[in-house]
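Numbering (the working numbering), first residue to last: 73 to 378.
Just below is one structure, and these are the notes that go with it.
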Ligand code: AMP
Ligand code: ZN
Ligand code: FE
Ligand code: FE
């Protein structure tokens, strides 16, 4: 499995992670059918094995429903598993702020409560978007949408998949441009949580909170990003996603520098969604692979906290 824009062999040979063997790579950011990925949790784990990964964290959006299945399959295949989640938080357009949570207690009331609230927000929003699409002449129903999603997290990527399949849009990004993106005719915002609420719930659940794909905040400068990171750290943030499929090599260097300066943990992952997102392959964060050491550092931080 390789991303389309991955590096060639000679380029890869000069990467900072070259000293790790195949089995020393992990992926700490991916999605399954429990949210908006196209593969079931156990299928993601089997793919991780084929990709030569020794560790995995499943980080579905706003739900922990896929974790038990993924943990079981990881145990069967001898892959180290870290419980994960990705919480969508309130943030000014056109940026997005997602907080990754790792190593929490999957039984935690704080995390269950937070996820329940986010599922409820989607329940309020989805029928509005579907009726608007119908007003616009699109043949789509809530039943069809539920079937497309297959889990509790039902959202715009599932609507986009239906729009593409039925020929209303040429591609998933086109469906967002034409109907589903902010300012487009079928868009409704959904109620989200404040970054503080997300970070605090993860911490209260015994987990480690990490800022996902920091470039998506769309800050004007590295200085602005550093100020935001300091604010988030006061709320309990402990790490930053250094490697991600949207990050250039330069972005990864900048995040590395910020992690060092601020004493943050580093994480990385593919943000793999199966067929529901182009340009992301499990085990690859763009051109880079994520060293197992990142997972070990997360586990150490967690162990120290308990
Ligand atoms: P939702 O949580 O239902 O609001 O959907 C958000 C998800 O839609 C994000 O996590 C992305 O995976 C996807 N998404 C958002 N904007 C776009 C876009 N322009 N093109 C493709 N996917 C997008
Ligand atoms: Zn997603
Ligand atoms: Fe995200
Ligand atoms: Fe993600």
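Even for Gly, the Cβ is constructed at its ideal location relative to N, Cα and C.
| Item | Value |
| --- | --- |
| Which partner residues does residue 315 have in the DSSP bridge list? | 340 |
| Count the other CB atoms within 10 Å of the CB of residue 145; is the residue buried (16 or more) or exposed (fewer)? | buried |
| What does the alpha-carbon distance come out to for the pair residue 355 and residue 255? | 34 Å |
| Using beta-carbon positions only, say whether residue 191 and residue 134 come within less than 8 Å of one another. | yes |
| From residue 38 to residue 112, what distance separates their C-alpha atoms? | For residue 38 there is no data in the structure shown, the boundaries of the chain being 73 and 378. |
| Would residue 376 be called buried (16 or more neighbouring beta carbons within 10 Å of its own) or exposed? | exposed |
| How big is the Cα-Cα spacing for residue 247 and residue 258? | 10 Å |
| Do residue 175 and residue 155 count as a contact pair if the criterion is CB distance below 8 Å? | yes |
| Is the beta carbon of residue 262 sitting closer than 8 Å to the one on residue 321? | no |
| Could you check how far apart the C-beta atoms of residue 348 and residue 241 are, in whole angstroms? I think they sit under 8 Å. | Residue 348 to residue 241, Cβ: 14 Å. No contact. |
| Taking its Cβ as the centre, do 16 or more other Cβ atoms sit within 10 Å of residue 199, making it buried, or is it exposed? | exposed |
| So, helix, strand or coil for residue 203, using DSSP? | helix |
| Would residue 280 and residue 370 qualify as a contact pair, given that the criterion is a beta-carbon distance under 8 Å? | yes |
| Applying the criterion that 16 or more other CB atoms from any shown protein chain within 10 Å of the CB defines a buried residue, is residue 342 buried or exposed? | buried |
| Whose beta carbon lies closer than 7 Å to any heavy atom of ligand 4, going through the chain in order? | 101, 103, 131, 133, 158, 170, 284 and 343 |
| At what residues does the beta strand (DSSP E) containing residue 249 begin and finish? | Taken as a continuous stretch (DSSP letters only), residue 249 belongs to no beta strand (DSSP E), as it is neither H nor E. |
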